[in-house]
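K.L.:
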Amino acid sequence: MGACMALCSLASCASCLCGSAPCLLSGCCPSTNNSTVTRLVFSFFLLLGTVVSVIMILPGMETQLNKIPGLCKGGTSIWVIENKVNCDIIVGYKSVYRMCFALACFFFLFCLIMIRVRSSKDPRARIQNGFWFFKFMILVGITVGAFFIPDGTFNTVWFYFGVVGSFIFILIQLVLLVDFAHSWNESWVSKAEEGNSKCWFGGLLFFTILFYALAFTAVVLFYVFYTQADDCAENKAFISLNLIFCIIVSVVSILPKVQEAQPQSGLLQSSLITLYTMYVTWSAMTNNPNRKCNPSLLSLVSGGSTTPAPTIAPGQVQWWDPQSIVGLVIFLFCTLYASIRSSNNTQVNKLMQTEEGQTLTGVEAEPGEDGMRHAVDNEEDGVSYNYSFFHFSLLLASLYIMMTLTNWYKPDIEYNAMLSTMPAVWVKISSSWLGLALYLWTLVAPLILRNRDFN
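All letters in the sequence shown, in the order written, are residues -16 to -1, 1 to 439 by mature numbering (1 follows the signal peptide of the UniProt record, and there is no 0).
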């Protein structure tokens, strides 16, 4: 009987995988919108690829694979005779590059297919919201094919693609954080006006002070550990400029004119953006090839003065450096938030190519004849997010994951090693400056473009 029930469950799952997104909900799941389920499943594909990349870059993986009889064999080709594999390709940064290449190709394909889809009545919307089994098989097929790519110049070329894509994704992360802070502030202010105002306003004040305190502490630590009296001029300039820029945007956010045009703006958003900017600054300085200006966290904790060499062997890239772990956590938060967000912030929606938050009041998904709870199709009159831009964002996210897991090191063909370079530093710092400019624009846009409605 149990086996029969299991087979029935598998059959139900298979039908859902070949069907639409709403079918993925079970009877115990809360009702939700079709668009939300679709974004969550695509995000799950991205997270699955991230997990695989993390596993393949773990230390000792090549040693463990070599213990399997008849599996590994040295050489320059990926697949060799006698069904043996060059394990140097399927571990370390090379595996991360190929896994993220497959993810990028997968999302780029759907980015092209979904251009100018306006509603769920478009036949392509069924492809977006269904056929999950076939999508998964396409991703698996692209991934397998990616591991047939010979080394050559692929790693170096794909590194530059990763740098550009990560630069753009850092900006998208900041926009999502701005949107989150706006929604957070609006929600707590609304609750304060309805009920216990002291509690909610106290919470807003606490987190605002906390974020600013953490950011200020970070600035002090940067000056102490990442600068030298007679060296590290770049780091000194980066820290000082970003500190000044963060003070400027914080002051602008509470100006009377800005408050009048943007009642939801405030120091909570500015404090969160300030803290994120300090993280990007720290991440940039950790890629400085100058050893004196880039101490390792381990050496700081132990009181030593040595730092990791800027040249890293291919199989020894350690993604679990502190800045990489923080970056991965922020990435996971932003990916999840992008999947479930329903924003009413006009400026952010325009930047993210999405519509204003659409909710269906009084409409709840009812269980069908099969007992499954089906989601509500909330896109018959118009999509709630830009399908093509969503896939483009996931494409950039896969490139960001690639750079994060490899610590932004550049592959060097001649020495077969990974190098820490200044271009990675400048890319991160430039993204922090442009990100602050975008946040400043969300504050002053209503004052400059007076003929447009920002309500």
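No residue lacks a Cβ here, since even glycine has one placed at the ideal position from N, Cα and C. Here the structure is a predicted model, which is why all the values come from computation and not from measurement.
Can you give the Cα-Cα distance for V242 and N139, rounded to whole angstroms?
P.N.:
47 Å
K.L.:
Does the structure place the region 382 to 394 close enough to the region 225 to 240 that three or more beta carbon pairs sit under 8 Å?
P.N.:
no
K.L.:
Tell me, which residues are paired with D215 by DSSP?
P.N.:
Q212
K.L.:
Once the 5 residues before and after Q157 are set aside, which same chain residues still bring their CB inside 6 Å of it?
P.N.:
C318
K.L.:
CA-CA distance, Q112 and V147?
P.N.:
28 Å
K.L.:
Got a sec, what are the start and stop residues for the alpha helix (DSSP H) G366 sits in?
P.N.:
Boundaries for G366: no alpha helix (DSSP H) harbours it, and the DSSP string shows neither H nor E there.
K.L.:
Spatial neighbours of S167 within its chain, please: CB distance less than 6 Å, with the 5 preceding and 5 following residues excluded, ordered by chain position.
P.N.:
The answer is none, since no qualifying residue turns up.
K.L.:
Give the single residue among G129, N169, N271, L378 whose Cα lies nearest to the Cα of L24.
P.N.:
L378
K.L.:
Between I41, A199, F200, N169, which has its C-alpha nearest P186's C-alpha?
P.N.:
The displayed chain sequence assigns Gly, not Pro, to residue 186. That would be N169, whose Cα lies nearest to the Cα of G186.
K.L.:
With burial defined as no fewer than 16 other Cβ atoms inside 10 Å of the residue's Cβ, what is the status of R434: buried or exposed?
P.N.:
exposed
K.L.:
Do the region 406 to 416 and the region 256 to 275 touch if we need at least three Cβ pairs shorter than 8 Å?
P.N.:
Because the criterion of three Cβ pairs below 8 Å is met, the region 406 to 416 and the region 256 to 275 touch.
K.L.:
Cutting at 7 Å between CB atoms, please list the residues of its own chain near L160, excluding the five before and the five after it.
P.N.:
C318, Y321, A322
K.L.:
Kindly list the residues whose CB is nearer than 6 Å to the CB of C95, restricted to its own chain and excluding five residues on each side of it in sequence; keep chain order.
P.N.:
Annotation for C95: S372, H375, F376 place their beta carbon closer than 6 Å to its own, counting only its chain and skipping 5 residues before and after.
K.L.:
In whole angstroms, give me the CA-to-CA distance for S104 and G366.
P.N.:
7 Å
K.L.:
Using a Cβ-Cβ cut-off of 6 Å (strictly less than) and excluding sequence neighbours within five positions of F222, which residues of its own chain qualify?
P.N.:
Excluding positions up to five away in sequence, the list reads T265, I413.
K.L.:
Just the C-alpha distance for L227 and V203, rounded to the nearest angstrom, thanks.
P.N.:
8 Å
K.L.:
So, D215 versus K276, is the Cβ gap smaller than 9 Å?
P.N.:
yes
K.L.:
Using 8 Å for Cβ pairs, my map puts A165 next to Q253. What's the rounded Cβ distance?
P.N.:
Correct: roughly 4 Å between the Cβ atoms.
K.L.:
Which of helix, strand or coil does DSSP assign to N271?
P.N.:
coil
K.L.:
Measure the Cβ-Cβ separation of T127 and L312 and say whether it is below 9 Å.
P.N.:
no
K.L.:
Throw me the rounded Cβ distance for the P430 and F143 pair, which I believe falls under 8 Å.
P.N.:
Contact doesn't hold; Cβ gap of about 41 Å is too wide.
K.L.:
Near V162, what residues of its chain come up, given a Cβ to Cβ distance below 7 Å and the 5 sequence neighbours on each side ignored?
P.N.:
Q253, I257, V332, Y423, T426
K.L.:
So G419 packs on I154, CB below 8 Å; how close in whole Å?
P.N.:
7 Å
K.L.:
Taking all protein chains shown into account, decide if L205 is buried (16 or more other Cβ within 10 angstroms of its Cβ) or exposed.
P.N.:
exposed
K.L.:
Using only the alpha-carbon positions, how far apart do S79 and S37 sit?
P.N.:
Rounded to whole angstroms, the separation of the alpha carbons of S37 and S79 is 7 Å.
K.L.:
Check whether the Cβ atoms of F29 and F90 lie closer than 9 Å to each other.
P.N.:
yes
K.L.:
Identify, in the order they occur along the chain, each residue of the same chain with its Cβ nearer than 8 Å to the Cβ of I324, setting aside the five sequence neighbours on each side.
P.N.:
Closer than 8 Å at the Cβ level, and outside the excluded window around I324, lie T20, R23, L24.
K.L.:
What are the boundary residues of the alpha helix (DSSP H) that T22 is part of?
P.N.:
Taken as a continuous stretch (DSSP letters only), the alpha helix (DSSP H) holding T22 covers 18 to 41.
K.L.:
Using DSSP with H/G/I as helix, E/B as strand and the rest coil, what is residue 443?
P.N.:
Because the chain in this structure spans residues -16 to 439, residue 443 falls outside the shown range and cannot be described.
K.L.:
Grab me the residues of Y263's own chain with a C-beta within less than 7 Å of its C-beta, minus the 5 sequence neighbours each way, in chain order.
P.N.:
V310
K.L.:
Express the C-alpha separation of I152 and W116 in angstroms, rounding to a whole number.
P.N.:
Answer to the nearest angstrom: the Cα atoms are 28 Å apart.
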